[in-house]
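Asks: Take a look at this one; I'll ask things after.
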Amino acid sequence: MPKEYMVLQLKLFKDGSRPATVMHQIAKGLTDAQVNSITTYYASLKR
Amino acid sequence: MQRRSFVQASLAFGSLSALVGCASTGRIPQKARVVVVGGGYGGATAAKYIRMLSNYQIDVTLIEPNLAFVSCPMSNLVIGGGKTMADITTPYDHLSGKHGVNVVRDYVSGMDAAKKTVTLASGPSIRYDKLVLSPGIDLMMNSIEGLQAANASGQILHAWKAGIETIALRKQLEAMDDGGVFAITIPEAPYRCPPGPYERASQVAHYFKHSKPKSKVLILDANLDVTSKGPLFKKFWADNYKGILEYRSQHKAVAVDAKTNTVKFEVQGDVKADVLNVLPTMRAGTIAVQSGLANANARWCGVNYQTFESTQAKDVHIIGDSILLAPAMPKSGHMANAQGKVTAAAIVAQLSDMPVNPDPLLTNTCYSFVNDKLVIHVASMHQYNTQEKTYKTVEGSGGVSTTANALEGIYAWNWAQNIWADTLL
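Each protein sequence line maps, in turn, to chains L and E. FYI, the working numbering numbers position 44 of the first sequence as 485, with every residue one higher than the one before it. FYI, the working numbering numbers position 141 of the second sequence as 145, with every residue one higher than the one before it.
What follows is the structure in structure tokens.
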């Protein structure tokens with residue numbers, strides 16, 4: 442999954458513009474640096 | 005994690021696994037770089053991730069007495085009748101076959117932190133460089149007079165370790181006549197899985213409502229109030245289980261009488277029930293207590309929260325329900341899984357002379373089924389604070405469901421599939 446897509450989705454969860462049951466509560470606990478680490482890791486994985 | 009080494013390891017161990025067939029019990033080595041005790045959410049995750057994060061360079065032996073992993077999360081659905089034991093059981097074969105963890109089916113009867121050895125119930129000892137203890141909980145049967153014998157005879161169950169008691173409790177409920185009473189007693193916090201008893205009571209109430217409508221559920225709680233998701237549980241009970249489920253706080257069980265199936269309390273009057281489910285006080289798993297590692301009230305194990313190394317013994321890391329909790333941290337499977345990963349990363353770093361992650365982050369999500377389809381959750385984020393050397397919940401994060409809902413019923417089951425895969429596959 443492209444990194445930019447994941448960064449955007451986490452941002453949308455964080456500011457509430459993407460509806461969620463739990464992810465908005467999780468995303469609000471992440472700093473920008475942590476979002477960067479997580480998305481870099483997942484983007485490095487091949488399917 | 006590099007994909008190529010992962011694939012190579014998968015192929016290598018995959019063919020080995022094919023040769024040994026379904027025999028997942030490994031050989032007993034004299035020495036292992038890392039020994040993991042307990043193959044639950046904490047230990048199995050740590051074992052798998054030490055292999056993965058070291059690019060399969062660090063050898064790991066996992067000691068686990070059970071043939072397969074049976075999940076405590078979702079086991080209340082077996083008690084409610086909506087799922088079977090097969091639905092909540094996962095074999096250990098992938099840890100051995102795919103990840104090269106040496107899974108030894110045995111029980112650790114002793115350890116020596118100075119000599120860095122563990123001793124198996126079958127006799128042999130194994131030396132280690134790093135030990136991970138994830139022994140779960142010990143149910144303190146003696147905290148409730150008469151419980152030891154009543155439990156041993158199969159009459160009064162806890163079913164707080166998913167397995168044979170889960171099935172036995174379901175059978176007791178099926179055998180109970182309509183018009184009977186199911187009573188569950190809850191010990192003072194902290195105990196394993198804070199919302200678990202309330203979810204179980206909800207599952208039994210759902211079963212009664214549809215199959216035995218004259219029957220009653222009684223929750224007898226030693227605590228002042230529902231300890232987790234209180235407003236959500238109480239609203240659902242009021243709206244859906246009125247006249248079926250009754251909640252009573254400040255009921256601390258002190259004794260059971262097996263002859264009359266009665267519970268006695270510290271203050272309140274006796275309660276008689278047709279099916280009694282008694283949860284005694286809990287503490288760290290036996291191996292941790294008997295090895296002197298439970299240095300907090302002789303119940304829980306103090307750890308350095310950055311690496312989960314014991315405050316009592318060097319190179320012994322303790323994770324999961326056995327540890328002394330940081331503020332607002334629950335004893336949950338999700339939490340144990342997260343602690344397993346932080347610990348795996350720390351151990352791989354230490355054995356590779358690399359710096360450990362200075363500020364790990366733990367997440368927790370816990371779903372509770374209030375009937376067969378509707379779910380409520382609680383979530384939290386726990387950030388290690390380097391100044392205060394503990395975890396603190398991140399301000400503004402976490403929370404609960406707005407109301408019980410069916411979408412989270414789907415997500416909850418998906419959560420289970422995903423965490424079982426992350427821990428074991």
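Glycine included, C-beta positions come from ideal geometry on N, C-alpha and C.
So what's A179 (chain E) in DSSP terms, helix, strand or just coil?
Replies: Note: A179 (chain E) maps to helix in three-state DSSP.
Asks: Assuming L283 (chain E) and Y195 (chain E) make a contact with CB atoms under 8 Å, what is their CB distance in whole Å?
Replies: The pair is a contact, with the Cβ atoms about 7 Å apart (cut-off 8 Å).
Asks: Would you identify the three-state DSSP class for K218 (chain E), choosing helix, strand or coil?
Replies: Three-state result, K218 (chain E): coil.
Asks: Helix, strand or coil for V360 (chain E) per DSSP?
Replies: Note: V360 (chain E) maps to coil in three-state DSSP.
Asks: So, using beta-carbon positions, are P334 (chain E) and P198 (chain E) closer together than 8 Å?
Replies: For P334 (chain E) and P198 (chain E), yes; Cβs fall inside 8 Å.
Asks: Could you check where the beta strand (DSSP E) with N265 (chain E) kicks off and where it finishes?
Replies: First-last for N265 (chain E): undefined, no H or E at that position.
Asks: To the nearest angstrom, report how far apart G167 (chain E) and T94 (chain E) are at their CA atoms.
Replies: Their Cα atoms are separated by approximately 12 Å.
Asks: Which same chain residues, not among the five before or five after L453 (chain L), have their C-beta less than 6 Å away from its C-beta?
Replies: Closer than 6 Å at Cβ, skipping near neighbours: R459.
Asks: Taking 8 Å as the cut-off, does the region 120 to 127 of chain E touch the region 297 to 312 of chain E (at least 3 CB pairs, one atom from each stretch)?
Replies: They do not touch, by the three-pair rule.
Asks: Just to make sure I have the definition right: I need the residues of chain E whose C-beta is within less than 8 Å of the C-beta of T462 (chain L). Which are they?
Replies: Chain E residues near T462 (chain L): H381, S405, N409, L411, E412, Y415.
Asks: Restricting to Cα atoms, I'd like to know which of E:Q34, E:R204, E:I414 is closest to S129 (chain E).
Replies: When only C-alpha atoms are compared, the closest one is E:Q34.
Asks: Give me whichever residues DSSP pairs with A95 (chain E) in a beta bridge.
Replies: A quick correction: the sequence has Pro, not Ala, at residue 95 (chain E). The partner list for P95 (chain E) (beta bridge, DSSP) reads E:A72.
Asks: Are the Cβ atoms of G104 (chain E) and Y45 (chain E) separated by less than 8 Å?
Replies: Contact flag unset, no.
Asks: Is there a C-beta anywhere in chain L that falls below 8 Å from the one on A425 (chain E)?
Replies: No, no contact with chain L.
Asks: Between the region 302 to 316 of chain E and chain L, which residues of the former have CB atoms less than 9 Å from a CB of the latter, in chain order?
Replies: If the cut-off is 9 Å between Cβ atoms, the region 302 to 316 of chain E has nothing near chain L.
Asks: In this structure, how does DSSP classify G44 (chain E) when only helix, strand and coil are distinguished?
Replies: In the structure shown, G44 (chain E) sits in coil (DSSP, three-state: anything other than H, G, I, E or B).
Asks: Spell out whether any CB of chain E is found under 8 Å from the CB atom of Q475 (chain L).
Replies: By this cut-off, Q475 (chain L) is an interface position.
Asks: With a threshold of 8 Å between beta carbons, is Q466 (chain L) in contact with chain E?
Replies: It does; some Cβ of chain E falls within 8 Å.
Asks: So, does the CB of K469 (chain L) fall closer than 8 Å to a CB anywhere in chain E?
Replies: So, interface residue.
Asks: For T394 (chain E), which residues from the same chain have a beta carbon less than 8 Å from its beta carbon, with the 5 sequence-adjacent residues on both sides left out?
Replies: Closer than 8 Å at the Cβ level, and outside the excluded window around T394 (chain E), lie Y309, A330, P331, Y388.
Asks: Tell me whether P139 (chain E) is buried or exposed, calling it buried when 16 or more other Cβ atoms sit within 10 Å of its Cβ.
Replies: Per the 10 Å Cβ criterion, buried.
Asks: Identify which residue in E:G344, E:V267, E:G42 has its Cα closest to the Cα of A154 (chain E).
Replies: That would be E:V267, whose Cα lies nearest to the Cα of A154 (chain E).
Asks: Hey, quick one: how far does the alpha helix (DSSP H) through K345 (chain E) stretch, first residue to last?
Replies: Per DSSP, K345 (chain E) belongs to the alpha helix (DSSP H) from 337 to 355.
Asks: Could you tell me whether the region 343 to 363 of chain E touches the region 277 to 292 of chain E, using the rule of 3 or more Cβ pairs below 8 Å?
Replies: No, the region 343 to 363 of chain E does not touch the region 277 to 292 of chain E.
Asks: With C-beta atoms as the reference, is P213 (chain E) less than 8 Å away from G183 (chain E)?
Replies: What sits at residue 213 (chain E) in the sequence shown is Lys, not Pro. Going by C-beta atoms, K213 (chain E) is not nearer than 8 Å to G183 (chain E).
Asks: Kindly indicate which three-state DSSP category M447 (chain L) falls into: helix, strand or coil?
Replies: It is helical.
Asks: When the Cα atoms are used, what is the spatial distance from T49 (chain E) to V352 (chain E)?
Replies: Their Cα atoms are separated by approximately 14 Å.
Asks: Could you tell me how far apart the beta carbons of I414 (chain E) and H338 (chain E) are, in whole angstroms, since I believe they sit closer than 8 Å?
Replies: I414 (chain E) to H338 (chain E), Cβ: 18 Å. No contact.
Asks: If we ignore side chains and look at the alpha-carbon of each, how far apart do L486 (chain L) and T347 (chain E) end up?
Replies: Using only the alpha carbons, I get a separation of about 22 Å.
Asks: Please determine if the region 249 to 269 of chain E and the region 162 to 176 of chain E are in contact, where contact requires at least 3 C-beta pairs separated by less than 8 Å.
Replies: With a cut-off of 8 Å, the region 162 to 176 of chain E and the region 249 to 269 of chain E do not count as touching, because too few Cβ pairs lie within range.
Asks: What is the rounded straight-line gap between the Cα of F354 (chain E) and the Cα of I322 (chain E)?
Replies: According to the sequence displayed, residue 354 (chain E) carries Gln and not Phe. Rounded to the nearest angstrom, the two C-alpha atoms are 16 Å apart.
Asks: Figure out for me which residue from E:G127, E:D116, E:K102, E:M115 has the closest Cα to the Cα of R109 (chain E).
Replies: R109 (chain E) has its Cα closest to that of E:G127, out of E:G127, E:D116, E:K102, E:M115.
Asks: Given a cut-off of 8 Å, decide if E178 (chain E) and K220 (chain E) are closer than it, judged by their beta-carbon atoms.
Replies: In this structure, E178 (chain E) does not lie closer than 8 Å to K220 (chain E) by Cβ.
Asks: Using the C-alpha atoms, what's the distance from N418 (chain E) back to S384 (chain E)?
Replies: Using only the alpha carbons, I get a separation of about 19 Å.
Asks: Looking at E412 (chain E): is its Cβ nearer than 8 Å to the Cβ of S401 (chain E)?
Replies: Their beta carbons are not under 8 Å apart, which means E412 (chain E) does not touch S401 (chain E) by this criterion.
Asks: For A302 (chain E) and I291 (chain E), I'd like the C-alpha separation in whole angstroms.
Replies: Rounded to the nearest angstrom, the two C-alpha atoms are 13 Å apart.
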